[in-house]
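Student:
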Amino acid sequence: MSTAPVSPSGKPILFSGMQPSSDSLHLGNYVGALKQWVQMQEDYEAFFCVVNLHAITVPQDPEKLKASTRATAAQYIAAGIDPEKSTLFVQSQVSGHAELAWALNTITGFGEAGRMTQFKDKSQRFGADTTSVGLFTYPVLMAADILLYQAATVPVGEDQRQHVELTRDLATRFNSRFGDTFTVPVAQMPKGAAKIYDLQEPTAKMSKSADSPSGLLSLLDEPGVNKKKIMRAVTDDDGEIRFDREAKPGVSNLLTIYAELAGQSVESLESEYAGKGYGDLKKGLVEVVESVFGPIRTRTAELLADPAELDRILAGNADRANEAAQATLRTVYDRMGLISR
Ligand code: AMP
Ligand code: TRP
């Protein structure tokens, strides 16, 4: 099973996920992940997961977590993930994730887990007493997510590459220790996926953990809020609309966002806006952002207005995911010598 895994449909298997860490996804999540997923679902047997078990590795509010889990799933659907075509589900609804994570914990080295840079960063920030063992073993749960479905392809941002490397190491180790069981997956930085920067601090990645929300465009914010943020975005004094990441990070970021959302090249925008002012570029961008965000916002609101129907869709997809997960888990348990009933 370690080579050329394909699904019954003949398509390669893809797994990816995002944490439900706030009600609204931001523009970076949309351009760097969601938009790519929507395109990839045509060519892969895709599993898209709202990874709520990962979200409880840091202090969290249970009521908020419930709301943001549904809101994140709704935004996946609103942005174009088709729950009939892809399997879109909530991690905690498929018990195999926690079960396989436990099994993989037992073949993960303490030192190996301790070398994960994201853990080192986060635990340093929180301090030893607030850092949970769950946060330490977060990458092992992520490995379980991927390996349960025999995924070959894992689209993730650069910051998750080390976790996928760990996943590969664990799969290879398990296969050699217990017999060929897991597909060894490959991290795929989505082709051409742009990195989006903060509108106020255009050398820092757009992120919900930024000091101020004024540089962040949220998918679900009212158009007026995003308009204000775009019109106030940091540019420079040179006045020329030209892409130059080093010398003109603010303008370059605006051009990248515009190009990504309008489906246009940066070069064509440079000529379209030649001789015009930053205000014109920003006004154009306000419209483009709303043309993409508007329909997503409306559809998300519709989905969230009928939580019973949304939960029904998610449950059906979790059933599908569970079937695939159980097949892998049965083999894993058997190979490890855990008797079944
Ligand atoms: P996060 O919100 O950091 O957990 O990221 C979830 C997904 O969104 C990951 O696939 C990231 O690579 C992607 N992402 C987050 N922020 C950005 C950004 N500023 N630019 C591009 N992609 C991003
Ligand atoms: N850790 C990932 C992130 O923060 C989210 C994630 C959890 C994930 N499990 C995954 C991504 C499996 C890809 C595959 O972005």
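Taken in order, the sequence shown gives residues 116 to 456; the numbers are from the working numbering.
The beta carbon of each residue, even a glycine, is placed where N, CA and C say it ideally should be.
Any chance the CB of Met257 is under 6 Å from a heavy atom of the ligand TRP?
Tutor: Yes, the beta carbon of Met257 sits closer than 6 Å to at least one heavy atom of the ligand TRP.
Student: Could you name the residues whose beta carbon sits closer than 6 Å to any heavy atom belonging to the ligand COA, keeping them in chain order?
Tutor: Although the ligand COA was asked about, the structure shown includes only the ligand AMP and the ligand TRP as ligands.
Student: Taking the alpha-carbon of Ala228 as reference, which of Val255, Thr202, Ala309 and Thr413 has the nearest alpha-carbon?
Tutor: Val255
Student: Looking at Leu453: is its Cβ nearer than 7 Å to the Cβ of Leu215?
Tutor: no
Student: For the beta strand (DSSP E) containing Ala319, name the first residue and the last one.
Tutor: No beta strand (DSSP E) holds Ala319; DSSP gives it neither H nor E.
Student: Does the separation of the CB atoms of Ser201 and Pro135 fall below 7 Å?
Tutor: no
Student: Using only CA atoms, which one of Arg414, Leu369 and Ala442 lies nearest to Thr187?
Tutor: Arg414
Student: Considering only C-alpha positions, which residue in the set Phe234, Ser238, Asp244 and Arg427 is nearest to Val257?
Tutor: Note that residue 257 corresponds to Met in the displayed sequence, not to Val. Here the closest residue by C-alpha is Phe234.
Student: Going along the chain, which unbroken runs of the beta strand (DSSP E) with 3 or more residues stay wholly within the stretch 183 to 244?
Tutor: If we require 3 residues or more, the beta strand (DSSP E) runs fully inside the stretch 183 to 244 come out as 202 to 205.
Student: Where does Phe225 land, buried or exposed, given buried means 16+ other C-beta within 10 angstroms?
Tutor: Classification for Phe225: exposed.
Student: If I'm right that Leu466 touches Ile345 with Cβ under 8 Å, what's the distance once you round it to whole angstroms?
Tutor: Shown here, the chain extends from 116 to 456; a query on residue 466 therefore has no answer.
Student: Which residue marks the beginning of the alpha helix (DSSP H) containing Gln154, and which one marks its end?
Tutor: Lys150 to Met155
Student: Tell me, please, whether the stretch 323 to 333 touches the stretch 382 to 394 by the rule of three or more beta-carbon pairs shorter than 8 Å.
Tutor: no
Student: Expressed to the nearest angstrom, what Euclidean distance is found between the alpha-carbon atoms of Arg283 and Pro300?
Tutor: 6 Å
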